[in-house]
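Residue numbers (my numbering): 31 to 391.
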């Protein structure tokens, strides 16, 4: 596959197929979050197919988090702001943004509820200080900046990430015996189910793999041949992985089948599905042109803003209607809500982007 790589960079144009992968992940993410947060008000929701479809199929397998992290790694290679200090500054901002989102997503409602009831418990702490993908992204940027400062290249970073992933596959579901301790440690390693989310040890491998892919694709002269080979190889691997998943069980390569504790082997399976979709999207764009996918490409540019908007709206709907009014959301409401939220989040993000540009001018 790598025999036609050039020593110099020959392919530095925008990867529109990566934009489509991110757009698909955004759509699946919003539907997943809608089902995940609103569907839990059903008794026995764990056994409902429509909950499984949104939570597991859309949330775990159809791109989403692992695709975002892979895309972030590719973006590290294509960005002009690639000095170690740039990574670290951006990382700190994104990390803090994650906690700001916590406040507006569920934190403010948890504080109001605690003030009214007079009880501030672990749910309040989780709402305010729980980790999520923005915190992970921030830590991943900081770590990348540190490794770049140490003059590590992409292969070195990938090897380090694999060691981290293997360690994270075994050092998993650690309980410090202290809720706050679990929340803090859960940023780095997978602690308990309710205090850890996208631990750096388990998930950084997706970012590192994206960096290596980005470094490779910039030196590929014949992208048609490259993506044809990648399509076949990743397609075969994806079919094997998916068949085994149906035969053995969801996330069968990860301890306790816990998504956030993703193992190295599971990560490889998920990356194969991402690469298959990425390759398929390459030929889709080649056949129909970028104009046909203008909205999807634009949507991918607003990823962070869309992520924040959809969570704020879901947090409001869940807190007010789900918990205060105790409304039991039926799935014929949840899925249309998720579809509508995709449009609302996109247009609000577009408005925000235009408003920000005018403010800067």
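Just so it is clear, CB atoms sit at the ideal spot from N, CA and C, and this is done for glycine as well.
Here residue 230 is near residue 217, since their CB atoms are less than 8 Å apart.
For the segment 228-284, the continuous alpha helix (DSSP H) assignments of 4+ residues that do not extend past its boundaries occur at 230-247 and 253-278, in sequence order. Each residue's CA atom was taken as its position, placing residue 286 and residue 115 some 38 Å apart.
Take the alpha-carbon of residue 143 and the one of residue 215: they are about 27 Å apart.
Taking C-alpha positions only, residue 175 is separated from residue 362 by approximately 45 Å.
In terms of Cα proximity to residue 121, the closest of 163, 151, 90 and 147 is 163. The distance from the Cβ of residue 249 to that of residue 35 is about 5 Å, consistent with a contact at the 8 Å cut-off. Looking at the backbone, the Cα of residue 140 and that of residue 370 are separated by about 26 Å. Looking at the DSSP output, residue 35 shares a beta bridge with 250.
Within the same chain, and ignoring the five residues on either side of residue 86 in sequence, the residues whose Cβ sits closer than 6 Å to its Cβ are 280.
Non-local C-beta neighbours of residue 161 in its own chain, meaning closer than 6 Å and more than five positions away in sequence, comprise 216, 217 and 227, ordered along the chain.
Cβ contact annotation for residue 55 (same chain, cutoff 7 Å, sequence separation greater than five): 93, 94, 97 and 98, in chain order. The Cβ-Cβ distance between residue 257 and residue 309 falls below 8 Å.
In the three-state reduction of the DSSP assignment, residue 86 falls in the helix class. Spatial neighbours of residue 284 in its own chain (CB-CB distance under 7 Å, excluding positions within 5 residues in sequence) are listed in chain order as 291, 292, 293 and 296. The beta-carbon separation of residue 68 and residue 345, rounded to 11 Å, does not stay under the 8 Å limit for a contact.
By the Cβ criterion, the segment 229-246 is in contact with the segment 179-194, since at least three pairs of Cβ atoms, one from each stretch, lie closer than 8 Å.
DSSP, reduced to helix, strand and coil, places residue 202 within a strand of the structure shown. Between residue 212 and residue 220, the C-beta spacing is not below 8 Å. An exposed status is given to residue 42, since fewer than 16 other beta-carbon atoms sit within 10 Å of its beta-carbon. Around the CB of residue 131, 16 or more other CB atoms lie within 10 Å, so the residue is classed as buried.
Closest by C-alpha distance to residue 241, out of 72, 64, 101 and 383, is 101. In its chain, beyond the 5 residues on either side, 326, 329 and 330 have a beta carbon closer than 6 Å to the beta carbon of residue 53. Linking residue 71 to residue 354 through their CA atoms gives a straight-line distance of about 12 Å. One thing to note: residue 236 has its Cβ within 8 Å of the Cβ of residue 301.
In the three-state DSSP reduction, residue 220 falls in the strand class (E or B). Short of 6 Å from the beta carbon of residue 307, and not among the five residues preceding or following it, lie these beta carbons of its own chain, in chain order: 51. In the structure shown, residue 175 falls within a helical segment according to DSSP collapsed to helix, strand and coil.
Around the beta carbon of residue 63, 16 or more other beta carbons lie within 10 angstroms, which makes this residue buried. The C-alpha of residue 149 lies about 28 Å from the C-alpha of residue 75.
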